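Below is one structure, written out as structure tokens, with a few remarks after it.
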Amino acid sequence: MSTVVTAPIDYRQYLRLDMMPHILCPGCGHGIVLKAILRAIHRLGLRREEVVFVSGIGCSSRIVGYVDFCTLHTTHGRPLTFATGLKLARPELTVIVITGDGDGLAIGGNHLIHAARRNVDLTCLLLNNAVYGMTGGQGAPTTPEGMRTSITPGGAIEPAFDACRLALGAGASFVARGLTAQPLQLDDLIVQAMQHRGFSFLEVLSDCPEFFGRYNDLGRGPEMLQAQRSHVEWLGARLTDKSFVPGLGLEAPHGGAAPAFTAGVLHREDRPDLGALLAERAAASAPRRSRPEPAPAAGETPSLSPGDGAPPTGPMRIRLAGAGGQGIVMAGLLLAEAAVAAGRNATHAQAYGPESRGGASKAEVIISDGEIEFPCADRVDALVVLTQEGYDRYVSLLEPGGTLVVDRDQVPLEEGVGFACHALPITATAQRVLGTAMGANLVALGAIVGLSGAVPVEAAERAVTARRPGGSVERALRAFRAGLALVP
Ligand code: SF4
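And the structure:
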């Protein structure tokens with residue numbers, strides 16, 4: 137972590153000024169948290185390109201829209217999953233997750249416990265205002281019993297749960313609680329959380345005057361901040377020597393009544409984070425070569441190189457579409473695995489309807505000798521369709537001059553559609569060589585491998601052999617090769 141900077145902060149250097157004015161309500165505690173985060177980053181002297189913010193959905197998650205760093209505003213409850221992937225791929229980055237009590241504890245609760253369990257090296261700030269603010273003040277998992285929300289006008293009857301206890305129980309190696317009413321202490325906690333190696337969980341008690349305050353007659357921002365102060369006991373220096381706090385400090389500190397909340401660092405331990413464990417495992421299993429690899433002996437399968445099959449270099453985008461149960465996703469997966477086995481980069485994305493049989497299904501594969509920046513494509517270079525629905529949906533995405541492969545018995549093509557068209561008897565071929573339509577996906581795979589040159593034939597056959605789709609290598613290869621043979 138970088139050295140501490142004491143120079144005065146000009147917040148504007150860290151903000152996307154073109155996004156101002158922000159949308160937070162007057163008096164919202166989240167603005168206080170935003171400034172505390174920026175002060176912590178400033179103190180640590182981190183550069184803009186070293187920090188990534190990841191958020192989910194909700195008022196708190198809107199913070200990432202205003203900070204001029206690399207940011208990911210992701211789907212509801214999922215910021216920790218995106219952040220985990222990012223941190224494992226780019227361990228040198230400081231990754232800060234901003235989530236709310238609804239985002240991080242309700243829909244995203246599962247991801248929170250597993251990020252903590254894995255001890256992913258992330259700093260997770262969970263802004264807890266005890267309510268869903270963005271959607272109109274509904275009760276959240278942290279709404280205290282008896283408090284009114286838009287869905288509990290008579291007062292919540294469910295017990296709230298304690299986010300810090302949850303994080304500790306799940307295995308977080310740093311657990312702390314701060315509050316917007318004490319912003320300077322909050323700065324310190326954020327700094328400590330960012331300096332900790334492992335999963336740092338910091339719950340920040342924030343306020344939503346617009347809904348929680350209004351529904352419960354708690355006043356506006358200033359009154360709610362005052363209330364926070366009167367309900368919190370700071371652990372402060374009392375705990376500096378402890379690595380574990382029984383009950384997270386909720387015991388009465390001086391023999392009197394326990395406060396509603398305790399704040400400060402509640403738990404800290406050193407244990408290897410997930411990235412370190414993976415790096416260790418990778419180092420242990422990496423092949424050690426003291427001599428150049430010998431040439432393959434006669435009869436041995438030679439290793440593959442990307443150029444063996446011809447094309448890529450730049451990204452080649454291939455979409456396969458059909459019906460659920462046809463094995464479209466499997467065909468895409470085999471194509472991507474063959475590309476990777478041949479030394480190329482590849483991504484595979486899939487989608488299908490809720491039906492396990494009969495609904496629409498698609499797979500998208502991008503293959504390149506260079507980097508692939510995004511796993512989905514608006515346009516495709518090759519389209520393989522086994523159903524009329526797939527054709528109708530996706531033919532407009534095909535680039536002019538792209539390759540179109542259709543099952544000719546399912547998709548009657550008109551003349552002059554403007555693509556390199558290949559109407560092939562895909563299902564009929566599967567029926568002919570296997571005695572069943574199951575296997576049309578492998579016939580289609582063979583056809584697109586032969587037509588596109590996206591992967592070497594040998595790599596595709598190895599992928600098929602490794603996965604044994606349908607349970608029989610021999611039958612799977614027979615279908616794949618029959619598809620290859622359809623290509624002139
Ligand atoms: S609704 Fe509540 S949480 Fe959302 S911006 Fe307004 S005060 Fe803040």
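The numbering of the sequence shown is the working numbering, which starts it at 137 and goes up by one. For each residue, glycine too, the CB sits at the ideal point set by N, CA and C. From a predicted model like this one, the values you see are computed outputs, not experimental measurements.
Considering only Phe297, Lys223, Ala485, the residue with the shortest C-alpha distance to Asp409 is Lys223.
Distance from the CA atom of Glu281 to the CA atom of Val187, rounded to whole angstroms, is 38 Å. Taking the Cα positions, Gly586 is about 17 Å away from Leu469. DSSP lists Ser504 as the beta-bridge partner residues of Asn481.
Here Ala477 has Leu440, Ala595, Arg598, Ala599 as same chain residues with Cβ atoms under 7 Å from its own Cβ, once five neighbours each way along the sequence are excluded. Just so you know, the alpha carbons of Thr601 and Pro592 end up roughly 14 Å apart.
In this structure, the straight-line span from the alpha carbon of His367 to that of Thr211 is close to 33 Å. In terms of side-chain proximity, the C-beta atom of Gly240 is found no nearer than 6 Å to any non-hydrogen atom of the ligand SF4. Nearest Cα to Cys512 within the set Arg365, Gly606, Arg455: Arg455. Chain order is used for the residues whose beta-carbon lies nearer than 5 Å to a heavy atom of the ligand SF4, namely Leu160, Cys161, Cys164, Cys195, Gly269, Cys344, Glu346.
Across the structure, Asn577 and Glu339 are spaced so that their CA atoms are roughly 49 Å apart. Put simply, the region 281-296 touches the region 342-352. At least three CB pairs are less than 8 Å apart. Close CB contacts of Arg453 within its chain, under the 6 Å cut and outside five residues either way in sequence, are with Ile502, Ala513, Val516, Asp517 (chain order). Assigned with DSSP and collapsed to three states, Val585 falls in helix. Taken through DSSP and simplified to helix, strand or coil, Asp517 comes out as strand. Phe205 and Gln524 have their C-alpha atoms spaced approximately 45 Å apart.
Put simply, the backbone Cα of His332 is about 54 Å away from that of Ala615.
Counted as a single uninterrupted DSSP element, the alpha helix (DSSP H) harbouring His247 occupies residues 245-254. Taking C-beta atoms under 8 Å as the contact rule, Gly236 and Leu263 qualify, at a distance of about 5 Å.
Counting along the chain, Pro358 sits inside the alpha helix (DSSP H) bounded by residues 357-367. Thr210 sits in coil when the DSSP states are folded into three classes, being neither helix nor strand. Put simply, of Ala299, Ala487, Pro548 the residue whose alpha carbon is nearest the alpha carbon of Leu341 is Ala299. Under the DSSP assignment, Glu535 falls in the beta strand (DSSP E) whose first and last residues are 534-543. Pairing Leu248 with Ala559, the inter-Cα distance amounts to about 49 Å. For Phe218, the three-state secondary structure derived from DSSP is helix. Listed in chain order, the non-local C-beta contacts of Leu549 below 7 Å within the same chain comprise Val542, Cys557, Ala559, local neighbours out to five positions each way being set aside. Taking Gly163 as the centre and dropping the five residues before and after it, the same chain places the C-beta of Pro345, Arg356, Gly357 closer than 6 Å to its C-beta, in chain order. By the neighbour-count definition (other C-beta atoms within 10 Å, threshold 16), Phe218 is a buried residue. As DSSP reads the structure, Thr285 sits in a beta bridge with Thr288. The Cβ atoms of Leu241 and Pro277 lie closer than 7 Å to each other. For Val233, the number of other beta carbons within 10 angstroms of its own is at least 16, and it is reported as buried.
Here the alpha carbon of Asn352 sits roughly 11 Å from the alpha carbon of Gly273.
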